[in-house]
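In the numbering used here, the protein residues as written are 277 to 514. Heads up, the beta-carbon is just placed ideally off N, CA and C, and yes, glycines get one too. These figures come from a predicted structure and were not determined experimentally. Here the structure is laid out as structure tokens; the discussion comes afterwards.
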């Protein structure tokens, strides 16, 4: 009888622990954007290291943005190989350019256009605009003017509207007033992006890991459902 009572005293703590664990798992599951949105993808660059795109495909990746260039002269050494292998694996791809705040917009656009010349892409051209990684040496007005030059030349040459990657602060300072009609790819680690505009893509994680990828991967979601995604691809294909 005493043994039975002794066993019973552990039942409540164990039950409470299991219940708390279950709640934690459920909250974590529903708070992960990957589980809140149907369309999920990654973005990579040469810094990501070697990528086995067939293994990446096994993770049910719906899209990949791949770095093509940076500034006025730099080109990503892995860009063309990554695009080729990703498309062979059946993953829709897009190309992005990291915008240097201290280089002329025209020169940067020309660098990006040379990098993607002849490359088959499925998503619109992207310009990555963020103060992180930039030492700002010029007035805001001049930076915006060069960004306008970049966007206009890329759009004129490709016939597509540029998608703008940014974060909350950079959006406020450089994007919101100048590009009110452009789609936004927002970087935010909040539960929901805090931005005064509807976003198209949301980058929510910088430390992702996937089998088949040597380094860390950025995780992203698309705002819409499967039908909206198919329509987006059909309208944006280059």
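Could you give the distance in angstroms between the alpha-carbon of residue i and the alpha-carbon of residue j?
i           : j           : result
residue 341 : residue 384 : 18 Å
residue 303 : residue 465 : Summary for residue 303: the model assigns pLDDT 38, below 50, so the residue's position carries little reliability; its value from the coordinates is reported in the next sentence. Rounded to whole angstroms, residue 303 to residue 465 spans 16 Å at the Cα level.
residue 328 : residue 438 : 28 Å
residue 325 : residue 360 : 16 Å
residue 420 : residue 426 : 10 Å
residue 508 : residue 410 : 31 Å
residue 501 : residue 316 : 11 Å
residue 403 : residue 332 : 24 Å
residue 444 : residue 470 : 7 Å
residue 397 : residue 510 : 12 Å
residue 481 : residue 417 : 31 Å
Using CA coordinates, which residue listed in the options is at the minimum distance from residue i?
i           : options               : result
residue 380 : 346, 468, 508 and 391 : 346
residue 512 : 434, 472, 360 and 492 : 434
residue 371 : 460, 314, 467 and 395 : 395
residue 401 : 444, 418 and 368      : 368
residue 312 : 508, 332 and 478      : 478
residue 387 : 330, 334 and 429      : 429
residue 393 : 455, 447, 344 and 490 : 344
What residue range does the alpha helix (DSSP H) around residue i cover?
i           : result
residue 341 : Note, residue 341: premise wrong, no alpha helix (DSSP H); beta strand (DSSP E) at 339 to 346.
residue 508 : 502 to 512
residue 434 : 416 to 434
residue 461 : Where residue 461 is concerned, there is no enclosing alpha helix (DSSP H), although the beta strand (DSSP E) it sits in stretches over 460 to 463.
residue 381 : 381 to 392
residue 329 : 329 to 333
Can you tell me the Cβ-Cβ gap for residue i and residue j, rounded? I've got them flagged as a contact below 8 Å.
i           : j           : result
residue 457 : residue 319 : In fact, because the Cβ distance is near 23 Å, the residues do not count as touching under 8 Å.
residue 451 : residue 440 : 6 Å
residue 253 : residue 399 : Given a span of 277 to 514 for the chain in the structure shown, any question on residue 253 remains unanswerable.
residue 353 : residue 391 : Not quite, the Cβ-Cβ distance comes to about 11 Å (not below 8 Å), so this is no contact.
So with Cβ pairs under 8 Å, would you call residue i a contact of chain D?
i           : result
residue 505 : No chain D is part of this structure, which consists of one protein chain only.
I need the boundaries of the beta strand (DSSP E) containing residue i, first residue and last residue.
i           : result
residue 370 : 369 to 374
residue 477 : 477 to 484
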